[in-house]
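Below is one structure, written out as C-alpha cells, with a few remarks after it.
Residue numbers (the UniProt record's numbering): 1 to 863.
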C-alpha cells in the first residue's frame with residue numbers, strides 16, 4: 001500500500017510539470033521495465049488487453065462516445081475469441097479459425113479527453129490487474145500521445161481508434177504506435193480525389209483557423225495537391241478574434257475578403273470548431289457575395305455527420321440570408337460501413353446483443369455511478385430507455401447523437417487479435433505462441449482484412465509503418481443542405497469512395513447551390529487581364545493613320561512638284577527613301593495594337609513582338625541614312641573636287657549599315673526568346689498583363705541600337721558641315737531641329753514606357769503611340785513643310801537672299817527648266833540619275849578661277 005501511494009505521488013508530481021509526459025516515460029522505463037521489455041507474451045495463447053476510451057470529460061461523465069466505443073471493442077473481443085465471422089468474414093477462414101489466441105484480462109480504462117487522465121488510469125489498471133500486452137484505443141489526441149509513450153516503455157503495441165497528430169505515426173518518435181484511423185496524408189488524399197471527382201482541379205482557396213492541428217492538415221494538403229499537379233492554391237488563415245495583438249486585421253471577415261479578391265471559386269474550409277466559426281463565416285460570405293451560387297464550399301473535418309452541432313448550424317441559418325452559404329456546401333468525412341449500410345452485419349449483430357452484454361459493460365466501467373448517468377441521458381432521447389428492463393445495447397447504438405465512427409473501435413481491437421495470429425505464423429516454431437512486443441507489432445502492421453471501416457491495411461513502409469492506408473477507408477460526402485419533399489433542411493450523405501474498388505458510389509445526387517446537380521462551371525472569376533481597351537486602341541491606330549497620311553501626302557507632293565526647282569534641288573529619290581523610313585517607323589504602333597482579346601494567339605503576338613525591333617531599327621536607319629547621303633552628296637559637289645557626283649557614289653555607307661543591321665537583327669531573331677508573355681502581377685487577385693519581353697533582349701539588341709545611332713550622328717555632322725549651304729540644297733537647321741525634337745521625346749517617353757510596361761497596358765500603349773508617331777510627324781513636318789512653303793513663295797514671285805554658298809547670281813542650275821525670265825541663283829544640282837548634262841557658258845572662257853570673279857558662271861552636274 002505504501003508503494004502504491006508513493007507511485008501515485010510521483011505521478012502527481014510529474015503530471016504537474018511541463019515535462020511530465022517524458023518524466024512519466026522515464027519512470028515507466030526504470031520501474032516497470034521487467035514487465036515490459038524482457039517479458040514474452042501470449043505463451044498460453046492469452047493476450048492481456050486494455051480498452052482505452054473517453055468516459056469522462058474534465059471530470060464529468062461522457063457516455064457518448066466513450067460508451068459506444070467500449071461496446072464496439074467488447075463486441076470485437078467476443079467475435080475474435082469465438083472466431084465468429086458474423087462481421088469479419090476472414091475469421092471463418094482456416095488461417096484465423098485455428099488461431100490459438102484469445103483476449104484475457106480485458107479491462108476498460110478511462111482516458112478522458114485531455115490532461116493526463118490516460119496515463120494515470122492505465123498505471124492504475126496495471127497495478128490492479130497486471131501487465132498489458134496490447135492497448136486498443138484511445139480516440140482523442142492527447143491521450144494517444146501519452147499512452148504511446150507508455151506503450152514504448154512496455155514494448156506493447158497500441159492501436160488507436162484515431163490520432164490527429166502527424167508525429168504519432170513516425171516510428172522514431174512512437175515506435176509501437178499504429179492506428180486504424182487514417183493519418184493526415186490519407187485524409188488529404190481523399191480531398192484531392194474529391195476535387196478530381198468534381199473536376200475542381202485548379203484555383204483552390206483554403207480557409208483555415210490558425211491552430212497547430214489545422215496547420216498540419218493544410219501543409220499536407222498543399223503537398224498532395226502539388227503531387228496532383230494543382231499549383232494554383234492559396235491559403236488564408238484567420239484568428240479567433242477579428243484583430244491580432246499588433247492590431248492587424250486577421251479575422252474571418254478579412255480572410256473571406258481576400259478570397260473574394262482572388263476570384264477563386266473552390267473554397268476548402270478547415271475549422272476546429274465550425275459551429276462557432278460559422279457564425280462569422282456565413283455573414284462574411286454573404287457580405288462579399290460568395291454565397292450567390294458561383295462558389296463551391298467544401299468543409300473538411302470539424303463536423304460529425306451525425307452530430308447535433310451540424311443540425312444546430314442548419315436550423316439556426318435556415319431562414320436567414322446567410323444560410324445561402326449552406327446551400328450546396330459539401331462536407332468530407334470518414335465513414336464506416338455502418339453509415340453507408342445502416343442494416344449491415346455490424347448493426348444486425350449489435351442489435352442481437354442482450355442486456356447481459358450491457359451489464360458486462362457496466363461491470364467493466366471504471367467510473368462510479370456511470371450507468372445511472374447513462375440512463376439519465378437516454379431518458380432525454382427516449383423515455384423507454386429510462387427503465388433498465390427495457391434497455392438494449394442495440395437501441396443505444398441507434399441514438400441519433402451517437403457518432404458514426406464506432407467501427408474504428410471494433411476494427412482496432414480486431415487488428416490486435418489478428419495481428420497476434422500473423423505474428424506467430426511468421427515464426428519458425430509452429431507450436432509456440434510466445435512472441436515479443438515487436439513481433440506482435442509486426443503482425444499487426446501486416447494484417448489485411450475486411451473490417452467495418454473498410455479494408456484494414458497498414459502502409460507498412462519505413463516512413464509511417466503504423467499508418468492506415470488512406471485508400472483502404474470509406475470516405476464519404478455529406479450534402480449539408482439537401483431538402484426533402486416537405487422543404488425541410490437535411491444533411492444527407494450523397495456518395496462515397498469504395499475502398500475495395502476505388503470507385504465512387506453515388507446513391508443520391510449532390511445538390512449544389514440553387515438546386516443544380518452540376519457544380520459551378522467556372523473555377524475562377526475572370527481576373528483583370530489588362531487587355532487593350534478598344535477605345536485606346538482606336539486612338540493609337542488613329543495616330544498611326546495620321547503619320548502614314550502625312551507620309552503619303554509628302555510622297556504625293558514630291559511627285560506633283562518634282563519639276564519645281566525647290567524639289568529638284570532637294571533630290572526627290574532621297575526624299576522618297578526618307579518617307580519609306582518614316583512609314584516603317586509608323587507601323588510599330590500596329591504591332592502593339594493586338595492581344596488575346598482580339599483573337600490573336602500567343603504565336604501570332606510573338607511574331608508581332610519580333611517585328612517591332614525590325615521596324616524601329618530599320619525605320620530610323622533608313623530615315624537618317626537618306627538625310628546623311630543627301631547632304632553628303634551636296635557637300636561633295638560644293639567642294640569643287642569633282643564635277644560629277646552619282647548617287648551610287650555616296651550611298652555605300654548607308655547600304656553597308658543597312659546590311660549589317662539586317663544581319664544583326666536576323667541573328668537576334670534566331671537566338672532570342674523575345675515574344676509575347678502574359679505575366680501575373682498580383683498573386684492574390686490573379687491580375688495579369690501581356691507584353692513583349694525576353695530574358696536576353698537588351699544584351700542582343702545593344703549592338704543594333706549602337707548601329708542605328710551611326711546614321712543619326714552622321715546626319716547631324718553633315719548638317720553642321722553644310723550649314724552655310726542654301727536651304728534649297730541643305731536643310732541643316734531643320735535637321736538640327738529634327739534631331740533635337742526626337743531626342744527630347746525619346747528621353748522623356750522611353751523611361752515612361754519602360755515603367756508602364758509592367759503595370760498598365762493603356763499607359764504603355766498610349767505612350768508608345770505618341771513617341772512612335774512623333775518620329776514620322778516631326779520628320780515630315782520639319783523636312784517637307786519648309787519646302788512646301790518655299791514652293792508656294794516661289795510661285796508668288798518672292799525674292800531670296802543670296803548670302804549662302806551656291807547662291808551667287810552668276811551660278812545657274814543645269815538640268816532644270818526654269819520659268820521664263822527667272823535668273824538662276826543657285827549651283828546646279830540635278831537630282832536625277834541621268835547622264836552628265838554639261839551646259840557650260842563659253843562666252844567667258846577665261847574665267848577659270850571662282851575666287852577671282854563673283855560673276856563667273858559655273859555648272860556642276862550630279863549624277
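Beta carbons are placed, not taken as given, at the ideal position from N, Cα and C, and that holds for glycine.
Predicted, not measured: the structure shown is a model, and the values here were computed from it.
Discussion item. Within a Cβ cutoff of 6 Å, which residues of the same chain sit near residue 502, ignoring the five residues on either side of it in sequence?
Written reply: Answer for residue 502: no residue qualifies.
Item to complete: Would you give the residue range spanned by the alpha helix (DSSP H) that residue 421 belongs to?
Response: Residues 406-425.
Worksheet item: Between the stretch 152-171 and the stretch 135-144, do three or more beta carbon pairs fall short of 8 Å?
Response: Using a Cβ-Cβ distance cut-off of 8 Å, the stretch 152-171 and the stretch 135-144 are in contact, since at least three pairs of beta carbons, one from each stretch, lie closer than that value.
Worksheet item: Among residues of its own chain, excluding the 5 on either side of residue 418, which ones have a beta-carbon nearer than 7 Å to its beta-carbon?
Response: Cβ-Cβ distances below 7 Å link residue 418 to 96, 447 and 449 in the same chain, with the five nearest sequence neighbours on each side left out; the list follows chain order.
Worksheet item: Measuring CA to CA, which of 561, 524 and 779 is closest to residue 261?
Response: Among 561, 524 and 779, the Cα nearest to that of residue 261 belongs to 524.
Practice prompt. Can you say whether residue 178 is buried or exposed, counting buried as having 16 or more other CB atoms within 10 angstroms of its CB?
Written response: Answer is buried; the Cβ neighbour count reaches 16.
Discussion item. So, does the stretch 60-72 touch the stretch 181-196, judging by three or more C-beta pairs under 8 Å?
Written reply: No: the two stretches stay apart, fewer than three of their Cβ pairs being nearer than 8 Å.
Worksheet item: Whose CA, out of 765, 352, 789 and 596, lies closest to the CA of residue 561?
Response: The shortest CA-to-CA distance from residue 561 to any of 765, 352, 789 and 596 is the one to 789.
Worksheet item: Does DSSP classify residue 367 as helix, strand or coil?
Response: Looking at residue 367 - three-state DSSP - the assignment turns out to be coil, as it is neither helix nor strand.
Worksheet item: What is the rounded straight-line gap between the Cα of residue 697 and the Cα of residue 671?
Response: Approximately 10 Å, taken between the alpha carbons.
Worksheet item: Any idea which residues DSSP pairs residue 65 with across the strands?
Response: According to DSSP, residue 65 bridges with nothing at all.
Worksheet entry | residue 231 - DSSP class collapsed to helix/strand/coil | Reduced to three states, the DSSP call for residue 231 is coil.
Worksheet item: With 16 as the cutoff for other CB atoms within 10 Å, does residue 454 come out buried or exposed?
Response: For residue 454, the number of other beta carbons within 10 angstroms of its own is at least 16, and it is reported as buried.
Discussion item. Considering only their Cβ atoms, is the gap separating residue 477 from residue 330 smaller than 8 Å?
Written reply: A Cβ-Cβ contact shorter than 8 Å links residue 330 with residue 477.
Worksheet item: Does the distance from the CB of residue 411 to the CB of residue 466 come in under 8 Å?
Response: With contacts defined as CB atoms closer than 8 Å, residue 411 and residue 466 fail to qualify as a contacting pair.
Practice prompt. Pick helix, strand or coil for residue 78, following the three-state DSSP scheme.
Written response: In the structure shown, the three-state DSSP call for residue 78 is helix.
Worksheet entry | Simplified DSSP state of residue 678, which is helix, strand or coil | Of the three classes helix, strand and coil, the one that applies to residue 678 here is strand, per DSSP.
Item to complete: Measure the C-alpha to C-alpha separation of residue 573 and residue 688 and round it to an integer number of angstroms.
Response: If you draw a straight line from the Cα of residue 573 to the Cα of residue 688, it comes to about 47 Å.
Practice prompt. Would you give the residue range spanned by the beta strand (DSSP E) that residue 793 belongs to?
Written response: Boundaries around residue 793 are those of the alpha helix (DSSP H), 761-795, since no beta strand (DSSP E) includes it.
Practice prompt. Determine which residues share a DSSP beta bridge with residue 475 and list them.
Written response: Per DSSP, 334 and 497.
Worksheet item: Leaving out five residues before and five after residue 471 in sequence, what residues of the same chain have Cβ atoms less than 7 Å from its Cβ?
Response: For residue 471, the CB contacts under 7 Å within the same chain, skipping 5 residues up- and downstream, are 499 and 502 in chain order.
Worksheet item: Among the residues of its own chain, which have a CB less than 7 Å from the CB of residue 422, if the five just before and after it don't count?
Response: For residue 422, the CB contacts under 7 Å within the same chain, skipping 5 residues up- and downstream, are 443, 446 and 447 in chain order.
Worksheet item: Taking the DSSP output, what are the residues bridged to residue 182?
Response: DSSP, once it has assigned bridges, lists 468 as partnering residue 182.
Item to complete: Count the other C-beta atoms from every protein chain shown that fall within 10 angstroms of the C-beta of residue 864, then say buried if there are 16 or more, exposed otherwise.
Response: Shown here, the chain extends from 1 to 863; a query on residue 864 therefore has no answer.
Worksheet item: Under three-state DSSP, which class holds residue 99?
Response: Shown here, residue 99 sits in coil according to DSSP, grouped into three states, outside any helix or strand.
Discussion item. Am I right that residue 251 and residue 238 are in contact with their C-beta atoms under 8 Å? What's the rounded C-beta distance?
Written reply: Contact flag correct, Cβ pair sits at about 6 Å.
Worksheet item: Can you tell which of 632, 468 and 122 has its C-alpha closest to the C-alpha of residue 720?
Response: Among 632, 468 and 122, the Cα nearest to that of residue 720 belongs to 632.
Worksheet item: In angstroms, rounded to a whole number, what distance separates the CA positions of residue 622 and residue 714?
Response: Take the alpha-carbon of residue 622 and the one of residue 714: they are about 13 Å apart.
Worksheet item: How is the alpha helix (DSSP H) around residue 442 delimited, first residue to last?
Response: It spans 437-444 - the alpha helix (DSSP H) in which residue 442 sits, taken as one unbroken run.
Worksheet item: How many angstroms separate the CA atom of residue 14 from the CA atom of residue 122?
Response: Because residue 14 carries a pLDDT of 41, less than 50, the predicted location of this residue cannot be relied on, and no value is offered for it.
Fill in: Among 73, 62, 46 and 45, nearest to residue 52 - alpha-carbon criterion
Closest in alpha carbon position to residue 52, among 73, 62, 46 and 45, is 73.
Practice prompt. For residue 162, name the three-state secondary structure that DSSP assigns.
Written response: Residue 162 falls in the coil class under three-state DSSP.
Discussion item. Let me confirm a value: residue 764 is counted as buried when at least 16 other C-beta atoms fall within 10 Å, else exposed. Which label applies?
Written reply: Buried, because 16 or more other Cβ atoms sit within 10 Å of the Cβ of residue 764.
Worksheet item: Going straight from the alpha carbon of residue 432 to that of residue 41, what length do you get?
Response: Each residue's CA atom was taken as its position, placing residue 432 and residue 41 some 11 Å apart.
Worksheet item: Is residue 686 near residue 609, with beta carbons less than 8 Å apart?
Response: The criterion of a C-beta distance shorter than 8 Å is not satisfied by residue 686 and residue 609.
Fill in: Per-residue DSSP class, three states only, for residue 461
Collapsing the DSSP output to three states places residue 461 in coil.
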